[in-house]
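Engineer: Under the numbering used here, the residue at position 43 of the sequence shown is numbered 27, and the numbers go up by one with no gaps. From the three backbone atoms N, C-alpha and C, an ideal C-beta is built for every residue, glycine too. What follows is a structure written as structure tokens; I'll ask about it next.
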Amino acid sequence: MKMYYSKKYDINYETEEEYIPVSLRESIEKTRMALDNAYAGFDYAVETDLIDSYIYEINSLQKRYKHLLELAEAEKAGEEVPLSKHSPIRALVSHVFS
-15 MKMYYSKKYD INYETEEEYI PVSLRESIEK TRMALDNAYA GFDYAVETDL IDSYIYEINS
45 LQKRYKHLLE LAEAEKAGEE VPLSKHSPIR ALVSHVFS
């Protein structure tokens, strides 16, 4: 686990490796925790650029959270939905290189 610490803002930053999900449930939980952290950071942000970055981060995480909940609903309905098949990176790469 790699962690970076910012003394100026007293915030721990985790690398993306910490957000690699093992299961859909774990992915939902980690996204929820990341969203909570982003909201907390936004509450204490005072610089304009930092506020903007938290707004973008929160919007991104909300969209990810919504997508994961939709996958969970589909899985609950009996449809088999492998998480790796719906990777946004995979979709982006296939769109760019096709």
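Quick one: what's got a C-beta closer than 6 angstroms to residue 18's C-beta in the same chain, skipping five residues either side?
Structural biologist: The count along the sequence shown starts at 1 and reaches residue 18 at position 34. Cβ neighbours of residue 18 beyond the five flanking positions: 45.
Engineer: Looking at the unbroken alpha helix (DSSP H) that takes in residue 7, where does it start and where does it end?
Structural biologist: In the sequence shown, the residue the question calls residue 7 occupies position 23. Neither: residue 7 is in no alpha helix (DSSP H) and is coded neither H nor E.
Engineer: Do residue 83 and residue 40 have their C-beta atoms closer together than 7 angstroms?
Structural biologist: There is no way to answer for residue 83, as the model of the chain reaches only from -15 to 82.
Engineer: Drop a sphere of 10 angstroms on the beta-carbon of residue 15, count the other beta-carbons inside from all chains shown, and report buried for 16 or more, exposed for fewer.
Structural biologist: Counting from one through the sequence shown, the residue named residue 15 turns up at place 31. Burial call: buried.
Engineer: Put residue 62 into one of helix, strand or coil per three-state DSSP.
Structural biologist: Walking along the sequence shown from the start, residue 62 turns up at place 78. Looking at residue 62 - three-state DSSP - the assignment turns out to be coil, as it is neither helix nor strand.
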